[in-house]
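Asks: Per this note's numbering, the sequence shown runs over residues 1444 to 1612. If you scroll down you'll find the structure; I have some questions about it.
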Amino acid sequence: MPMQSPQDLFIHELSCMHAFEQQNVQMLQQMLQEVKDPTARQPIEHHLEETREQVTLLEQCFQSLGQQPQQVTVATAQGMKQDHDTFVKMQPSPELLTMYNLGAASKTEHLEVAAYRTLINMATVMGQKEIVRTLRQILNQEEDAVNELEAASRQLGRQQIPQLMKQVA
Ligand SMILES: [Fe+2]
């Protein structure tokens, strides 16, 4: 079916985020299998719970539009997973894999922040007040997740990078 109206674009983008968040649940679960450090686990565990909730919140948006999420393939999510799997094949030490995962989770959240800001702009112009409220709730969680992931990454980096550099030198 050709894409003709701004509503079509909005539904498509919303469907992409619905698929993206579902894949992110899997990615965060995978990270928790690989990350043992409590400082790094905390923001990942926290955001895993939020991400599950976000899938439901997005479904509420579809309900208020009287629509169903479209079946879409999101290449960016698949690409993040591929990058992760390629890195794991390089046999990183647990410390480096933890740093990688924090960085990757942060990249993902930045991408989501951009996507939700765009969706909020569209929903605002389209007069979808309830959807704007729901998407803002998600956006706030994403922005907080970025801050928490970056804070963990900084703390861990300060603790571990100087020591790890000495080991290699
Ligand atoms: Fe997120």
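Ideal Cβ placement from N, Cα and C applies to all residues, glycine included.
Apart from the five residues on each side of it in sequence, which residues of its chain come closer than 7 Å, Cβ to Cβ, to residue 1501?
Replies: The answer, listed in chain order, is 1457, 1460, 1461, 1464.
Asks: Would you say the region 1571-1590 touches the region 1524-1537, given that touching needs at least three Cβ pairs under 8 Å?
Replies: No, the region 1571-1590 is not in contact with the region 1524-1537.
Asks: Under 6 Å Cβ to Cβ from residue 1490, same chain only, skipping five residues before and after it: list those, please.
Replies: So the qualifying residues of the chain are 1588.
Asks: From the DSSP output, in three-state form, read off residue 1516 for me.
Replies: Residue 1516 falls in the coil class under three-state DSSP.
Asks: Please enumerate, following chain order, all residues with a beta carbon closer than 7 Å to at least one heavy atom belonging to ligand 1.
Replies: Answer in sequence order: 1464, 1467, 1490, 1493, 1494, 1497, 1551, 1552, 1555, 1584, 1585, 1588.
Asks: Would you kindly work out how many angstroms separate the C-alpha atoms of residue 1609 and residue 1480, rounded to a whole number?
Replies: Looking at the two C-alpha atoms, the distance is approximately 20 Å.
Asks: Report the three-state DSSP secondary structure of residue 1478 (helix, strand or coil).
Replies: Residue 1478 falls in the coil class under three-state DSSP.
Asks: Would you call residue 1573 buried or exposed, if buried means 16 or more other Cβ atoms sit within 10 Å of its Cβ?
Replies: When all chains shown are included, residue 1573 counts as exposed.
Asks: Please go through the same chain and pick out, in chain order, the residues whose beta-carbon is closer than 8 Å to the beta-carbon of residue 1561, but skip the five residues on each side of it.
Replies: Closer than 8 Å at the Cβ level, and outside the excluded window around residue 1561, lie 1456.
Asks: Output the distance between the C-alpha atoms of residue 1470 and residue 1570, rounded to the nearest integer angstrom.
Replies: Spanning the two alpha carbons is a distance of roughly 34 Å.
Asks: If you count every other CB in all the chains shown that lies within 10 Å of the CB of residue 1575, and 16 or more means buried, which is it?
Replies: Label assigned to residue 1575: buried.
Asks: To the nearest angstrom, how far is it from the Cα of residue 1523 to the Cα of residue 1467?
Replies: Roughly 10 Å separates the two Cα atoms.
Asks: Rounded to a whole number of angstroms, what is the C-alpha to C-alpha distance between residue 1546 and residue 1592?
Replies: About 8 Å.
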